[in-house]
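One structure is given here, and the rest of the page talks about it.
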Amino acid sequence: MRLLIALLLVLGLAGLAFLAGRARGERMAVAAAGGNSRLGTIHSRPVHHGAYVALLALAPALIVLAGWSLIGDRFVEGQLIGTLAPAEQPASRNDRQALMNEVRGLVSGDLPTAFNPLAARLAPAYAAASANADLLAGALAVALLCAGGLWGYSRLRPDFRARNRVERLVRAVLLLTSVVAILTTFGIVLSLIFESIRFFRLVSPVEFLTGLQWSPQTALRADQVGASGAFGAVPLFWGTIFIGAIIAMAVAIPLGLLSAIYLTQYADPRLRRWLKPMLELLAGVPTVVYGFFAALTVAPLVRSLAVALGMTDASSDSALAAGLVMGIMIVPFVSSMADDALTAVPSSMRDGSLAMGATMSETVKKVMVPAALPGIVGGVLLAVSRAIGETMIVVMAAGLAANLTANPFSSVTTVTTQIVALLTGDQEFDSAKTLSAFALGLVLFIMTLILNIYALAVVKRYREAYE
Amino acid sequence: MNPNPAQNPAIGHNQQPKMTARGVNVFYGQKQAIKNVSIDVSSDHVTAFIGPSGCGKSTFLRCLNRMNDTVDSARVEGDIALDGQDIYAPQMDVVQLRARVGMVFQKPNPFPKSIYENVAYGPRLHGLARSKAEMDAIVESALRRAGLWDEVKDRLSESGTAMSGGQQQRLCIARAIAVDPEVILMDEPCSALDPIATARIEELIDELRGRYAIVIVTHNMQQAARVSQKTAFFHLGSLVEYDDTSTIFTNPRETRTKDYITGRYG
């Protein structure tokens, strides 16, 4: 709250700095023109002078405020703990956190009373210290703002290149925004890697990547039954590929490709205007809805089919049910990429083939699809990477049994399903069971990353060929 | 370069015309692109369609093998016949028609396949070769007639799209003549080529003359004068004048033709 007030104050002052800079720019422009209205005697327009002063004022103040909001509280906390007698010092990090949470609760009024008498004693001190610290930070920000603003203001001259400097600053800000997403991704990858390293200290990577037995339940007591703690992830990888790359693609490739061929080559433009958005609407259905559909509608049908085929022990959460529905979910990806690829083939190819006396289907088969093939393949690879990372459908429909089987009617499990299962509920965070989720996530990430890089390279090379 | 057939009345006047058009109108939606055009095309010589941009010469050319069918809004009225058969009649199979009336486009459009496969494309479609040896012979003779054989005989398996623009266009001509059509339509075949490649194509057209009825659309009047024996001048969708090329270029009947030939507009 206090920080918010400081922020508003800083923004208001920066606004004033802008007005001051612009006013000075205008005075310089008038003076330089010397009464006549000729332009060009002052390098930048007044608005740039204003923006320059405002930016110089704003940047350091914002950095101080942002930094303070990140580390300020910890700083106050450290000071506060330091005032305690050695005997009263919290023993562990957890104790310290518990204590401080209670203190903060008391100060904000969320907690009516404290369990820990120490917290009740610290609360007034904390309130005072944090108010002081915020005041200090606010004052520092305003001081920096004034300094920056005055320095910027003092630099304004008729030949000062305020416009160029403002442009450069704006460019830096834009660069920063685009870097944020990339840095976040790096952070995610790093956290995956660190947790995976912790896992691989407990379980050897060779066993993880080549073992055929997946049974992550580790024993809590020495005599516990049914807890073998085997971390061979091959059945999971197989299940992922079986559902996402084999069954789903067996559905999605024919449906997506043929519908793209129909829409680009045969359909009346009016029909295409309706059909294409409707097909793309499939991509907007939340995957959890597909999950319902797979678990409640398709899975029983698949099971009845299996029973009718004589498999009396057919599972109700079969690979086939999950794969079929996932295939339907992927159709719009495949069809929209194939559509783009087919549309990008120059119409002169089609005309050339038709003018040779080829029928439409011969033209599609022998000229259009081969010419668009790299784009189509790229689209399919992207779809595969989407499918193997898909979670909701398989969680709801694919089951948890890690079977290494090629029977589509039996239950298999996927990497994503296992990650969800491993991290659901109360978990200790240092057991191999929990940490294995990160190793699985890392493998999945590497798989989809490679698929995406390769697919984008294929698509790009193909685009170059036609542009 | 060419013996001028206009000076030889025996050529072009004593034979049934290969294609005839009578009262042809073409509409794109509401807009009329071709107005009441009647013309005869003979097998013996090269016929050129000239005229300013947008005059309808390409549109009319595309009526002759029904390529306008691929344009949804296009509508063709009137009679166009190949050897006396109405090509717009319901019993006419457009696939067979296009096998008999080949086409070469403005921009070279080889398929992204090997040189060999480009030429073999049509013969394969129409089942013209029963064996690999027969297909090889068809491909070789088409490439020879297109004057491309010596340049590509050692790299038939390379991609057709990797050749130079002029070679690509000759490949497209080879592709068209591989199915041994009766008529070849050329829609500004040199407009994307440099002068040397253009000269090469023009020589080729001259070599193919007499074997196929050739119709060439061009906006280059010198080209029409060089390669054709008959010239049709189109303006604003109408056929203004159709006569021996020498007459059109030296002594046109119509002022509009004369103005265009002498560069007063276009």
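Chain order of the listed sequences is H and L.
So for the first sequence, this note's numbering puts the first residue at 1; every next one is plus one.
So for the second sequence, this note's numbering puts the first residue at 1; every next one is plus one.
Cβ atoms here follow ideal geometry from the backbone N, Cα and C, with glycine treated the same way.
{"Asked": "So S170 of chain L is in the alpha helix (DSSP H); what residue range does that whole segment cover?", "Found": "Per the sequence shown, residue 170 of chain L should be read as Arg rather than Ser. First-last of the alpha helix (DSSP H) with R170 of chain L: 165-177."}
{"Asked": "So, does the CB of P252 of chain L fall closer than 8 Å to a CB anywhere in chain H?", "Found": "no"}
{"Asked": "Between G375 of chain H and chain L, is there a C-beta pair that is closer than 8 Å?", "Found": "no"}
{"Asked": "For T185 of chain H, is the classification buried or exposed, using 16 other Cβ atoms within 10 angstroms of its Cβ as the cut-off for buried?", "Found": "exposed"}
{"Asked": "Are the C-beta of D72 of chain L and some C-beta of chain H separated by less than 8 Å?", "Found": "yes"}
{"Asked": "Using only the alpha-carbon positions, how far apart do Q89 of chain H and A66 of chain H sit?", "Found": "30 Å"}
{"Asked": "Tell me which residue opens and which closes the alpha helix (DSSP H) that V215 of chain L is part of.", "Found": "Segment 213-217 is the beta strand (DSSP E) holding V215 of chain L; no alpha helix (DSSP H) there."}
{"Asked": "Using a Cβ cut-off of 8 Å, pull out every chain L residue sitting near L354 of chain H, in sequence order please.", "Found": "M67, T70, R98"}
{"Asked": "Take L9 of chain H as the anchor and find which of H:G375, H:A57, H:I182, H:F75 has the nearest alpha-carbon.", "Found": "H:A57"}
{"Asked": "Contact criterion: CB-CB distance below 8 Å. Does E280 of chain H meet it with respect to chain L?", "Found": "no"}
{"Asked": "Please work out which residues of its chain come closer than 7 Å, Cβ to Cβ, to R256 of chain L, disregarding the five sequence neighbours upstream and downstream, and give them in chain order.", "Found": "H235, V240"}
{"Asked": "Excluding sequence positions up to five away, which residues of its chain have a Cβ less than 7 Å from the Cβ of F199 of chain H?", "Found": "A432, L435, S436, F438, A439"}
{"Asked": "Can you tell me whether I193 of chain H sits near the ligand FAD, meaning its C-beta is under 7 Å from at least one heavy atom of the ligand?", "Found": "No copy of the ligand FAD appears in this structure; indeed no ligand is present at all."}
{"Asked": "Return the residue from the list H:M447, H:V47, H:L144, H:E195 that minimises the CA-CA distance to L11 of chain H.", "Found": "H:L144"}
{"Asked": "Roughly how many whole angstroms lie between the Cα atoms of V215 of chain L and V104 of chain L?", "Found": "10 Å"}
{"Asked": "Does the separation of the CB atoms of T417 of chain H and L400 of chain H fall below 8 Å?", "Found": "yes"}
{"Asked": "Give, in chain order, every unbroken run of the alpha helix (DSSP H) that is at least 4 residues long and sits entirely within the segment 38-106 of chain L.", "Found": "57-63, 94-100"}
{"Asked": "Just tell me which of L:V37, L:F49, L:G166 has its CA closest to the CA of A224 of chain L.", "Found": "L:F49"}
{"Asked": "I'd like to check one pair, V206 of chain H with L140 of chain H: are the Cβ atoms closer than 8 Å?", "Found": "no"}
{"Asked": "Using the beta-carbon count (16 or more within 10 Å), is P5 of chain L buried or exposed?", "Found": "Its pLDDT being 42, under 50, P5 of chain L is placed unreliably in this model, and the coordinates cannot settle the point."}
{"Asked": "Closer than 9 Å by beta-carbon distance: list the chain L residues that pair up with G379 of chain H, in chain order.", "Found": "The premise fails here: G379 of chain H is roughly 18 Å from chain L at the closest Cβ pair, so nothing lies under 9 Å."}
{"Asked": "Are the segment 91-100 of chain L and the segment 57-72 of chain L in contact at 8 Å, needing three or more beta carbon pairs?", "Found": "yes"}
{"Asked": "What in chain L is Cβ-close to M349 of chain H, meaning under 7 Å?", "Found": "N109, F111"}
{"Asked": "Should V367 of chain H be flagged as near chain L, meaning a C-beta pair shorter than 8 Å?", "Found": "yes"}
{"Asked": "Note the first and the last residue of the continuous beta strand (DSSP E) segment covering F234 of chain L.", "Found": "230-235"}
{"Asked": "Do A406 of chain H and V334 of chain H have their C-beta atoms closer together than 8 Å?", "Found": "no"}
{"Asked": "Would you mind working out which of H:I450, H:L442, H:A455, H:Y454 sits nearest I193 of chain H, comparing C-alpha positions?", "Found": "H:L442"}
{"Asked": "Give the interface partners of T359 of chain H over in chain L, defined as CB-CB distance under 8 Å, in chain order.", "Found": "V95"}
{"Asked": "Given that a residue counts as buried once 16 or more other Cβ atoms are within 10 Å of its Cβ, and exposed if not, what is A133 of chain L?", "Found": "exposed"}
{"Asked": "Return the Cβ separation of F233 of chain L and G51 of chain L in integer angstroms, given the expectation that the two are a contact with Cβ distance under 8 Å.", "Found": "6 Å"}
{"Asked": "Buried or exposed, going by whether 16 or more other CB atoms sit within 10 Å of the CB of P112 of chain H?", "Found": "exposed"}
{"Asked": "Name the chain L residues that come within less than 8 Å of A267 of chain H, Cβ to Cβ?", "Found": "In chain order: nothing, as chain L lies at least about 11 Å away."}
{"Asked": "Let's see if you can read the secondary structure: which residues bound the beta strand (DSSP E) around S238 of chain L?", "Found": "238-244"}
{"Asked": "Counting only beta-carbon atoms, is R170 of chain L nearer than 8 Å to chain H?", "Found": "no"}
{"Asked": "Suppose you measure from the CA of G12 of chain L to the CA of A33 of chain L; what does that come to, to the nearest Å?", "Found": "Here the model assigns G12 of chain L a pLDDT of 42, short of 50, so the residue's position is not dependable, and the following value carries that caveat. So the two alpha carbons sit approximately 29 Å from each other."}
{"Asked": "Please classify F409 of chain H as buried or exposed, where buried requires at least 16 other C-beta atoms within 10 Å of its C-beta.", "Found": "buried"}
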